[in-house]
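Protein chains in written order, with the working numbering: chain A, 171 to 419; chain B, 2 to 494.
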């Protein structure tokens with residue numbers, strides 16, 4: 171029996187995709203860095219479930235060896251990010267050299283960080299989801315092609331929403347860790363778009379390769395540049411960084 | 002770690018090898034420019050099945066990249082001389098490795114056929130250049146690198162989303178391999194009306210904003226002043242002269258496809274015109290106010306990207322000719338300014354003089370000061386320099402659109418011309434004021450400090466010669482290459 175014969179699988183995937191929106195909402199509206207990281211990790215696990223599920227229910231009737239590798243490649247990245255992100259961010263924001271070897275000491279520095287959340291963030295979030303809905307369901311760009319089915323429209327809605335809320339977090343949060351989480355949320359939106367929207371058999375691999383590059387560069391930022399910025403200003407708060415900065419005008 | 006143990010002589014030889022390599026690539030690209038487009042090598046497969054493909058537009062951008070890289074790599078020899086390497090990133094060998102990687106990734110952009118490949122190449126330019134921006138290891142350098150990474154990474158994801166939409170515009174039955182996202186294949190599909198219009202338009206908008214961020218167009222330009230201002234001068238020259246143009250190249254590819262699919266240029270031209278005028282207007286106040294000179298030059302890049310896209314938005318062979326020529330002219334002139342001012346900063350800093358006390362350069366460094374003055378005059382569009390020539394052609398294109406039937410009403414073109422002329426005039430006075438202070442104001446602390454040094458002078462003379470020559474004569478080889486490139490942009494090949 172082929173798993174794609176199960177009609178409810180698509181429904182389950184669509185439901186999990188919608189739940190990604192709730193994690194994006196929680197990341198956007200939560201003011202503690204620690205909370206945002208937890209929701210980001212949940213989002214990564216859900217994303218791995220969706221992307222893996224999409225490979226399993228793809229049109230190809232025979233699950234081949236190449237499908238297996240595709241399954242591994244689409245699940246690997248969100249899964250690894252879910253596991254490693256907390257450690258990476260802790261390492262990037264350690265306070266002292268002594269703390270370098272002690273993750274708990276390192277964690278204290280950034281887990282206590284409270285990032286200011288705009289009172290308008292809920293409205294912004296809903297506005298962005300509304301905009302994404304308008305794009306996906308034809309209100310803005312009249313995507314009235316009958317070939318675009320409901321499943322694709324939902325994926326489009328969730329992808330663009332994740333992407334835009336990531337952008338919102340990058341632009342509006344007041345600390346560098348939340349900016350990185352914003353970038354990685356955008357990455358999730360792209361990842362979902364690649365796996366669910368583009369042709370799976372031939373093109374997804376190339377886009378996934380591109381996203382691996384993107385994630386590699388984002389992680390490089392975390393590992394190499396965040397510690398330097400934090401050490402210079404002795405803070406991860408953007409206002410504190412800007413106060414003593416020469417970069418004006 | 003091997004870099005930490007290499008003696009200085011090895012890193013110097015690495016620097017010489019970089020210059021020789023850049024010179025060789027420049028010669029190859031000139032030879033390519035001399036070759037008829039029909040004789041360019043056929044597409045051949047490279048990494049992961051992504052093909053290398055060259056058409057006239059690619060060759061034009063490869064030439065532009067190599068001209069600036071040759072001068073910047075040569076200038077880097079003197080820039081690095083005598084600098085104490087405090088950290089790993091400040092090792093000259095690391096610098097040369099990163100600048101070569103940066104050069105390589107920028108060359109890949111116009112040479113890759115696949116649109117996702119182009120995106121990967123542009124994303125990879127970030128990796129090498131970010132660490133070069135942070136080269137000095139100052140707090141402000143790391144902050145600039147951070148801003149650069151965050152803003153351009155955000156932008157570049159928009160461009161990838163645009164490419165995803167482009168992929169979705171392809172009919173399912175046409176997708177048989179990743180080659181369907183090759184430029185040559187997409188062009189063919191667009192010409193036969195097989196791409197879905199809505200998704201192509203969506204792809205263009207995301208591509209314009211995404212690659213526009215990397216191209217330093219307003220309102221996504223905010224990384225420019227920090228990145229250019231903090232980077233070592235040879236890197237500022239590459240960022241401003243070349244990297245912005247590499248991103249522009251990607252926009253041009255989206256522009257061509259979208260125009261072919263939509264059947265006219267009205268929508269794309271309007272979107273680009275808005276961004277170009279915004280870039281011109283945003284740049285103006287920042288150039289007029291008192292600021293560090295490298296930051297002024299960075300805002301000036303914003304203005305010139307606005308001018309280039311202004312020409313592109315107007316469309317038509319004349320304005321696009323001007324826009325392409327302006328890309329090359331701006332690359333040459335801006336690189337010259339950054340390299341010359343980098344020499345000035347180094348000489349003054351070694352004597353304990355920092356900005357804003359850097360004045361009287363014409364007296365203390367007559368040759369460099371003279372070249373800096375000429376470059377400044379060229380940059381503001383004074384005749385008989387190269388920038389004047391290309392700006393004049395763009396304006397000519399604008400006026401020819403004003404009288405002819407076009408996608409814009411005469412009122413829109415008239416308003417656009419007014420914004421163009423008004424902002425470039427204000428910027429003229431702004432830059433002349435800044436430059437006048439640096440070059441002509443008396444310097445109470447320094448007498449003549451300039452000694453002839455080939456590594457410092459030759460790249461400046463090379464660029465200044467090109468700047469002067471292109472001001473009076475667009476070489477037939479170059480004119481031919483640009484004309485062939487226009488055919489590519491208009492989808493006529």
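Each residue gets a CB set at the ideal place from its N, CA and C atoms; glycine is no exception.
8 Å contact criterion, which residue i and residue j should meet: CB distance rounded
i: residue 330 of chain A; j: residue 169 of chain B; result: Rounded, the Cβ-Cβ distance is 13 Å, inconsistent with contact.
i: residue 438 of chain B; j: residue 332 of chain B; result: That belief does not hold up - the Cβ atoms of residue 438 of chain B and residue 332 of chain B are roughly 26 Å apart, past 8 Å.
i: residue 105 of chain B; j: residue 130 of chain B; result: Wrong, their Cβ atoms sit about 12 Å apart, outside the cutoff.
i: residue 228 of chain B; j: residue 149 of chain B; result: 4 Å
i: residue 238 of chain B; j: residue 146 of chain B; result: Wrong, their Cβ atoms sit about 17 Å apart, outside the cutoff.
i: residue 220 of chain A; j: residue 362 of chain A; result: 7 Å
Within chain B, the residues that residue i reaches when beta carbons sit closer than 7 Å
i: residue 363 of chain A; result: 162 and 165
i: residue 406 of chain A; result: Chain B residues near residue 406 of chain A: none, gap ~11 Å exceeds 7 Å.
i: residue 125 of chain A; result: Given that chain A is displayed from residue 171 to residue 419, the structure contains no residue 125 of chain A and the question cannot be resolved.
i: residue 399 of chain A; result: 143, 144 and 147
i: residue 253 of chain A; result: Correct list: empty, because the minimum Cβ distance to chain B is about 22 Å.
Chain A contact residues for residue i, given Cβ-Cβ distances below 8 Å
i: residue 110 of chain B; result: Those do not exist, as residue 110 of chain B stays about 14 Å from chain A at its closest Cβ, beyond 8 Å.
i: residue 182 of chain B; result: 373 and 376
i: residue 365 of chain B; result: Residues of chain A passing the Cβ test: none, with the nearest at roughly 25 Å.
i: residue 154 of chain B; result: 353, 384, 387, 388 and 391
Counterpart residues of residue i in DSSP-defined beta bridges
i: residue 284 of chain A; result: A:202
i: residue 113 of chain B; result: B:53
i: residue 407 of chain A; result: A:345
i: residue 183 of chain B; result: B:115
Below-8 Å beta-carbon distance, residue i vs any chain B residue
i: residue 267 of chain A; result: For residue 267 of chain A, the predicted structure reports a pLDDT of 42, less than 50, and the residue's modelled location is therefore unreliable. A value from the coordinates is still provided. With 8 Å as the cut-off, residue 267 of chain A does not count as an interface residue toward chain B.
i: residue 335 of chain A; result: no
i: residue 390 of chain A; result: yes
i: residue 283 of chain A; result: no
i: residue 387 of chain A; result: yes
i: residue 402 of chain A; result: yes
i: residue 182 of chain A; result: no
i: residue 271 of chain A; result: Only weak support is given to the placement of residue 271 of chain A: the predicted model assigns it a pLDDT of 49, under 50, and the value that follows is read from those uncertain coordinates. So no, residue 271 of chain A is outside the interface.
Residues that residue i contacts on chain A, provided the C-beta gap is smaller than 7 Å
i: residue 227 of chain B; result: 417
i: residue 434 of chain B; result: Within chain A, no residue comes near residue 434 of chain B; the closest Cβ sits about 15 Å away, beyond 7 Å.
i: residue 302 of chain B; result: Result: empty, since nearest Cβ-Cβ is about 15 Å, beyond 7 Å.
i: residue 484 of chain B; result: Going along chain A, no residue has its Cβ under 7 Å from residue 484 of chain B, so there is no contact; the nearest lies around 34 Å.
Contact with chain A by residue i, beta-carbon distance below 8 Å
i: residue 358 of chain B; result: no
i: residue 288 of chain B; result: no
i: residue 150 of chain B; result: yes
i: residue 144 of chain B; result: yes
i: residue 141 of chain B; result: yes
i: residue 487 of chain B; result: no
i: residue 168 of chain B; result: yes
i: residue 147 of chain B; result: yes
Chain B contact residues for residue i, given Cβ-Cβ distances below 8 Å
i: residue 360 of chain A; result: 158, 161, 162 and 165
i: residue 411 of chain A; result: 144
Listed by chain order, chain A residues near residue i by CB distance under 9 Å
i: residue 238 of chain B; result: Result: empty, since nearest Cβ-Cβ is about 20 Å, beyond 9 Å.
i: residue 179 of chain B; result: 372, 373, 375 and 376
Chain B residues whose Cβ lies nearer than 9 Å to that of residue i
i: residue 395 of chain A; result: 131, 132, 135, 143, 146, 147 and 150
Interface residues of the stretch 368–383 of chain A facing chain B [CB-CB below 7 Å] = Hits within the stretch, in order: 368, 369, 372, 373, 376, 377, 379, 380 and 383.
Using a Cβ-Cβ cut-off of less than 9 Å, list which residues of the stretch 108–136 of chain B approach chain A; keep chain order.
-> Residues of the stretch 108–136 of chain B that bring their beta carbon within less than 9 Å of a beta carbon in chain A comprise 115, 117, 118, 120, 121, 124, 125, 127, 128, 131, 132 and 135, in sequence order.
Select from the stretch 189–210 of chain A all residues with a C-beta closer than 7 Å to any C-beta belonging to chain B, and list them in chain order.
-> Residues of the stretch 189–210 of chain A that bring their beta carbon within less than 7 Å of a beta carbon in chain B are absent altogether.
Along the stretch 248–272 of chain B, what residues have a CB closer than 9 Å to any CB found in chain A?
-> Cβ contacts with chain A: none found.
The stretch 335–359 of chain A: which residues have C-beta closer than 9 Å to a C-beta of chain B, in chain order?
-> Going along the stretch 335–359 of chain A in chain order, one finds 336, 337, 340, 341, 346, 349, 350, 352, 353, 356, 357 and 359 with a Cβ nearer than 9 Å to chain B.
Could you list the residues in the stretch 88–100 of chain B with a C-beta less than 7 Å from some C-beta on chain A, going in chain order?
-> Going along the stretch 88–100 of chain B in chain order, one finds no residue with a Cβ nearer than 7 Å to chain A.
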